[in-house]
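K.L.:
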Amino acid sequence: MRAVCWNGKEDIRVETVPDPQILNPRDAVVRITSTAICGSDLHLYDGYIPTMKKGDILGHEFMGEVMEVGRAVKNLKPGDRVVVPFTIACGHCWFCEHELWSACDNSNPNALIPEKAYGQSGSGLFGYSHMMGGYAGGQAEYARVPFADVGPLKIEKGIEDEKVLFLSDIFPTGFMAAENCNIQPGDTVAVWGCGPVGQFAIQSAWMLGAERVIAIDRFPERLLLAQTWGRAETLDYEEVDSVVDVLRDMTGGRGPDSCIDAVGMEAHGTTLGARYDKAKQTVRLGTDRPHALREAILACRKAGTVSIPGVYGGLLDKMPFGAAFGKGLTLKMGQTHMMRYMRPLLERIQNGDIDPSRLITHRLGLDDAAWGYKTFRDKEDDCIKVVLKPGSHGHVLAHGGNGREH
Amino acid sequence: MTQLGQAAMIFTGAALMALAAKERSWRTLGIAAAGAPLLYRGATGRWPVPEKFAQSASDAVSPVPIEAAVTIGKPADELYRFWRQLENLPRFMKNLDSVTESDGRHSHWVGRSPLGFKMEWDAEILDEREGKLLSWRSLPDSDVQNAGTVFFDQAASERGTVVRVSLDYQVPGHFFGQAAGKVLSGITEQQVREDLRRFKELMEAGEVATTEGQPHGVRSFVDIKNPI
Numbered sequence: 000m001r002a003v004c005w006n007g008k009e010d011i012r013v014e015t016v017p018d019p020q021i022l023n024p025r026d027a028v029v030r031i032t033s034t035a036i037c038g039s040d041l042h043l044y045d046g047y048i049p050t051m052k053k054g055d056i057l058g059h060e061f062m063g064e065v066m067e068v069g070r071a072v073k074n075l076k077p078g079d080r081v082v083v084p085f086t087i088a089c090g091h092c093w094f095c096e097h098e099l100w101s102a103c104d105n106s107n108p109n110a111l112i113p114e115k116a117y118g119q120s121g122s123g124l125f126g127y128s129h130m131m132g133g134y135a136g137g138q139a140e141y142a143r144v145p146f147a148d149v150g151p152l153k154i155e156k157g158i159e160d161e162k163v164l165f166l167s168d169i170f171p172t173g174f175m176a177a178e179n180c181n182i183q184p185g186d187t188v189a190v191w192g193c194g195p196v197g198q199f200a201i202q203s204a205w206m207l208g209a210e211r212v213i214a215i216d217r218f219p220e221r222l223l224l225a226q227t228w229g230r231a232e233t234l235d236y237e238e239v240d241s242v243v244d245v246l247r248d249m250t251g252g253r254g255p256d257s258c259i260d261a262v263g264m265e266a267h268g269t270t271l272g273a274r275y276d277k278a279k280q281t282v283r284l285g286t287d288r289p290h291a292l293r294e295a296i297l298a299c300r301k302a303g304t305v306s307i308p309g310v311y312g313g314l315l316d317k318m319p320f321g322a323a324f325g326k327g328l329t330l331k332m333g334q335t336h337m338m339r340y341m342r343p344l345l346e347r348i349q350n351g352d353i354d355p356s357r358l359i360t361h362r363l364g365l366d367d368a369a370w371g372y373k374t375f376r377d378k379e380d381d382c383i384k385v386v387l388k389p390g391s392h393g394h395v396l397a398h399g400g401n402g403r404e405h
Numbered sequence: 000m001t002q003l004g005q006a007a008m009i010f011t012g013a014a015l016m017a018l019a020a021k022e023r024s025w026r027t028l029g030i031a032a033a034g035a036p037l038l039y040r041g042a043t044g045r046w047p048v049p050e051k052f053a054q055s056a057s058d059a060v061s062p063v064p065i066e067a068a069v070t071i072g073k074p075a076d077e078l079y080r081f082w083r084q085l086e087n088l089p090r091f092m093k094n095l096d097s098v099t100e101s102d103g104r105h106s107h108w109v110g111r112s113p114l115g116f117k118m119e120w121d122a123e124i125l126d127e128r129e130g131k132l133l134s135w136r137s138l139p140d141s142d143v144q145n146a147g148t149v150f151f152d153q154a155a156s157e158r159g160t161v162v163r164v165s166l167d168y169q170v171p172g173h174f175f176g177q178a179a180g181k182v183l184s185g186i187t188e189q190q191v192r193e194d195l196r197r198f199k200e201l202m203e204a205g206e207v208a209t210t211e212g213q214p215h216g217v218r219s220f221v222d223i224k225n226p227i
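So the sequences go chain by chain: S and F. So that you can map any letter, position 89 of the first sequence is 88 in numbering that gives the first Met the number 0, and since no number is skipped, the others follow by simple counting. So that you can map any letter, position 83 of the second sequence is 82 in numbering that gives the first Met the number 0, and since no number is skipped, the others follow by simple counting.
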């Protein structure tokens with residue numbers, strides 16, 4: 000089959016590799032009909048996630064048709080259409096039984112690496128480094144899905160891939176980010192980053208009863224989508240001296256009740272601190288550039304919540320922890336507990352409450368993946384979300400920013 | 000030093016140096032540096048160090064105590080019964096090929112050392128308490144001397160069972176000397192932890208998580224920075 004393989008920093012190659020096989024009784028093999036490039040894949044592309052190996056198959060946002068199931072999988076059969084969550088969970092450990100799916104004890108064969116680095120290991124993830132299990136990902140024609148009796152969500156016919164594909168990660172991730180804010184009537188929620196997760200966090204904040212949503216970014220097409228689709232007030236951080244001051248003013252001196260960092264470890268910024276982060280990360284003196292997180296902590300109102308769906312990997316420098324303590328903030332973060340959210344959010348899509356396909360700006364064949372990564376990373380061509388169609392062998396199927404159309 | 004040990008050293012030393020020579024760079028210098036003394040010792044029977052130091056380093060190695068524990072969400076009785084069926088052990092102990100019980104107390108074990116050499120030994124059960132603990136030791140003249148106990152203790156508030164292994168392990172291949180023995184025992188301790196993790200996976204999830212046999216693109220020949 001054809002598969003998108005990581006070959007080093009900024010080196011994506013589409014290679015011909017063997018087809019995946021059933022390896023364990025609870026496995027399934029899925030023929031992939033749609034798969035997306037995630038913002039977190041860009042951390043791999045930029046070489047900031049350790050324990051990647053040349054030849055690793057990327058991708059953790061995918062859906063398709065079940066081709067084959069292992070003997071212990073009773074709830075799926077060949078021909079079923081499924082969306083596959085990016086976290087792999089066994090369904091039977093203490094964490095799975097408490098719906099803490101991304102903390103599953105039994106799905107990471109390389110758990111000893113995060114145990115050394117983090118103390119304990121989270122669940123295995125598709126296509127996201129050997130530290131997170133080394134599982135082959137879903138930017139390919141086929142994928143093996145472990146614990147297939149737990150993760151995959153069946154999708155009836157009659158609803159197109161593009162409406163449900165983002166149940167594999169970014170919609171639940173944005174939703175959990177908003178849920179973690181514990182939104183109360185009258186609350187203002189500020190969202191750093193108007194990429195795909197930020198857009199879903201904005202949508203979800205409204206669903207959960209926010210009074211106001213303020214979105215922060217610097218790319219016009221993303222800010223525009225946050226205004227039109229997201230109905231958010233927007234703030235271009237390049238046009239203000241201090242995001243924290245502006246947010247304080249916008250909220251009558253209180254600060255936003257909740258702040259969502261949908262940016263993560265590769266934040267950009269205009270301040271001295273942001274440039275210092277970039278310099279240190281470049282020479283590997285720092286692992287993460289937590290500029291957005293610092294702002295979120297400083298901006299948040301007293302006793303408010305900072306919710307962090309953005310990915311961090313290592314040690315964060317100059318974190319204003321005194322501010323977090325002094326204001327009595329609640330910090331909530333982590334990989335998404337996917338299986339809590341997939342079915343309820345599917346119902347919202349079926350009810351017509353939300354059409355996630357509004358995010359998609361680029362539809363490409365699998366062989367155009369390298370171009371897709373670069374374009375997405377560089378935010379060229381008004382790129383917001385790239386979907387790859389493994390079935391089609393043509394070149395660029397359709398692209399062009401859609402932010403301005405809405 | 001046994002003939003097998005000598006041959007293994009020459010082979011390993013030569014292989015490491017060949018590997019280093021293939022990719023001549025600063026990155027592979029360390030591999031060459033690791034290979035050279037092995038080759039020397041294999042060929043001459045001596046480490047390339049002053050005789051006095053080498054002598055003290057190869058003195059008898061004392062058993063290394065190893066402790067590891069895991070919490071498994073199953074009743075102690077069920078876990079005990081699975082473990083007591085010694086033939087089950089190779090299903091989660093990676094370096095074990097087979098265990099054959101000859102009677103209620105004695106068994107024959109076939110496995111591999113941390114460096115991959117085949118080893119065989121006989122063991123006897125010293126103590127067994129249904130659902131509580133199991134103690135064993137290897138018999139004299141085994142390739143590997145070990146004695147240990149596995150305890151099954153109920154965890155707090157329905158969190159299952161704490162399975163704790165306590166092991167005294169005579170590190171094989173003591174011709175590596177005391178310092179190398181410590182390294183090997185570190186590897187062994189990690190293996191015990193990994194075995195317990197696989198035991199938990201098998202008991203809770205019904206299978207051991209794996210990626211062995213999955214597809215991937217072209218790998219690089221040596222990936223020093225990312226050994227996993």
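Each residue gets a CB set at the ideal place from its N, CA and C atoms; glycine is no exception.
Is it buried or exposed, Glu116 of chain S, if we count other Cβ atoms within 10 angstroms and call 16 or more buried?
P.N.:
The amino acid occupying residue 116 of chain S in the given sequence is Ala; Glu does not appear at that position. With fewer than 16 other Cβ atoms within 10 Å, it is exposed.
K.L.:
My guess is that Pro184 of chain S and Gly208 of chain S are in contact by the Cβ rule of under 8 Å, so how many angstroms apart are they, rounded?
P.N.:
Sure, about 6 Å apart at Cβ, within 8 Å.
K.L.:
How is Gln153 of chain F classed by DSSP in three states: helix, strand or coil?
P.N.:
strand
K.L.:
I'd like to know whether the C-beta atoms of Cys180 of chain S and Leu224 of chain S end up nearer to each other than 8 Å.
P.N.:
no
K.L.:
What residue does the beta strand (DSSP E) around Leu111 of chain S start on, and which one ends it?
P.N.:
Premise fails: Leu111 of chain S lies in the alpha helix (DSSP H), 111 to 117, not in any beta strand (DSSP E).
K.L.:
What whole-angstrom Cβ distance do Leu57 of chain S and Leu43 of chain S have, given they're in contact under 8 Å?
P.N.:
Cβ atoms of Leu57 of chain S and Leu43 of chain S come within 8 Å of each other, at about 7 Å.
K.L.:
Leaving aside the five residues before and after Ala423 of chain S along the sequence, list all residues of the same chain whose C-beta is less than 6 Å from its C-beta, in chain order.
P.N.:
The structure shown has nothing for residue 423 of chain S, since chain S only spans 0 to 405.
K.L.:
Measuring alpha carbon to alpha carbon, tell me which residue in S:Leu124, S:His97, S:Asn350, S:Glu96 is nearest Ser39 of chain S.
P.N.:
S:Leu124
K.L.:
Can you find a CB in chain F that lies within less than 8 Å of the CB of Cys92 of chain S?
P.N.:
yes
K.L.:
What separation, rounded to the nearest whole angstrom, lies between the Cα atoms of Cys95 of chain S and Ile87 of chain S?
P.N.:
10 Å
K.L.:
Can you list the residues of chain F that Asn107 of chain S reaches, using a CB-CB cut of under 9 Å?
P.N.:
Ala208
K.L.:
According to DSSP, what are the bridge partners of Phe125 of chain S?
P.N.:
S:Tyr134
K.L.:
Return the chain-ordered ranges of every beta strand (DSSP E) run that is complete within the stretch 316 to 385 of chain S and spans a minimum of 3 residues.
P.N.:
329 to 332, 361 to 364
K.L.:
Can you give me the Cβ contacts of Glu294 of chain S inside the same chain, cut-off strictly under 7 Å, excluding the 5 residues immediately before and after it?
P.N.:
Trp191, Val242, Val243
K.L.:
By DSSP's criteria, Tyr236 of chain S is part of a beta bridge. Which residues make up the other side?
P.N.:
BP columns for Tyr236 of chain S are empty, so no partner.
K.L.:
Using three-state DSSP, classify Cys193 of chain S as helix, strand or coil.
P.N.:
coil
K.L.:
Beta-carbon of Ser156 of chain F versus every beta-carbon of chain S: anything under 8 Å?
P.N.:
no
K.L.:
Within the 8 Å Cβ cut-off, does Pro145 of chain S reach chain F?
P.N.:
yes
K.L.:
Between Gly333 of chain S and the rest of its own chain, which residues show a CB-CB distance below 7 Å, the 5 nearest in sequence each way excluded?
P.N.:
Ser101
K.L.:
At a CB-CB cut-off below 8 Å, which residues of chain F make contact with Ala135 of chain S?
P.N.:
Thr210, Gln213, Pro214, His215
K.L.:
Helix, strand or coil: which one does DSSP assign to Tyr44 of chain S?
P.N.:
helix
K.L.:
Quick one: residues in its chain with C-beta nearer than 6 Å to the C-beta of Ala71 of chain S, no 5 flanking neighbours on either side, listed in chain order?
P.N.:
Taken in chain order, the residues that qualify are Pro24, Arg25.
K.L.:
Below 8 Å on the Cβ atoms is my guess for Pro113 of chain S versus Gly133 of chain S; work out the distance and round it to an integer in Å.
P.N.:
About 12 Å separates the two Cβ atoms, so there is no contact after all.
K.L.:
Drop a sphere of 10 angstroms on the beta-carbon of Asn350 of chain S, count the other beta-carbons inside from all chains shown, and report buried for 16 or more, exposed for fewer.
P.N.:
exposed
K.L.:
Comparing C-alpha positions only, which one of S:Glu161, S:Gly54, S:Lys153 sits nearest to His129 of chain S?
P.N.:
S:Gly54
K.L.:
Does the contact criterion of 3 or more C-beta pairs under 8 Å hold for the stretch 277 to 287 of chain S versus the stretch 146 to 163 of chain S?
P.N.:
no
K.L.:
Using only CA atoms, which one of S:Pro343, S:Ile213, S:Pro308, S:Ala231 lies nearest to Leu330 of chain S?
P.N.:
Across the set S:Pro343, S:Ile213, S:Pro308, S:Ala231, the C-alpha of S:Pro308 shows the shortest separation from the C-alpha of Leu330 of chain S.
K.L.:
Taking Arg158 of chain F as the reference, which of F:Phe81, F:Pro214, F:Glu203, F:Gln213 has the closest Cα?
P.N.:
Distances from the alpha-carbon of Arg158 of chain F to those of F:Phe81, F:Pro214, F:Glu203, F:Gln213 put F:Glu203 closest.
K.L.:
Using CA atoms only, rank isn't needed, just tell me which of S:Glu98, S:Ala27, S:Asp216, S:Cys258 is closest to Pro145 of chain S.
P.N.:
S:Ala27
K.L.:
Return the CA-CA distance between Ala135 of chain S and Pro214 of chain F, expressed in angstroms with no decimal places.
P.N.:
7 Å
K.L.:
Just the Cα atoms here: how many angstroms apart are His91 of chain S and Glu237 of chain S?
P.N.:
48 Å
K.L.:
From S:Ser33, S:Met0, S:Glu67, pick the residue whose C-alpha is nearest to that of Leu22 of chain S; which is it?
P.N.:
S:Glu67
K.L.:
For Val239 of chain S, which residues of its own chain have a beta-carbon under 7 Å away from its beta-carbon, when the five flanking residues on both sides are left out?
P.N.:
Val245
K.L.:
Where Glu265 of chain S and Leu292 of chain S are concerned, what is the direct C-alpha to C-alpha distance, given to the nearest angstrom?
P.N.:
11 Å
K.L.:
For a contact defined as C-beta to C-beta under 9 Å, what are the partners of Gln189 of chain F on chain S?
P.N.:
Leu111
K.L.:
At the 8 Å Cβ level, is Ile56 of chain S part of the contact set with chain F, yes or no?
P.N.:
yes
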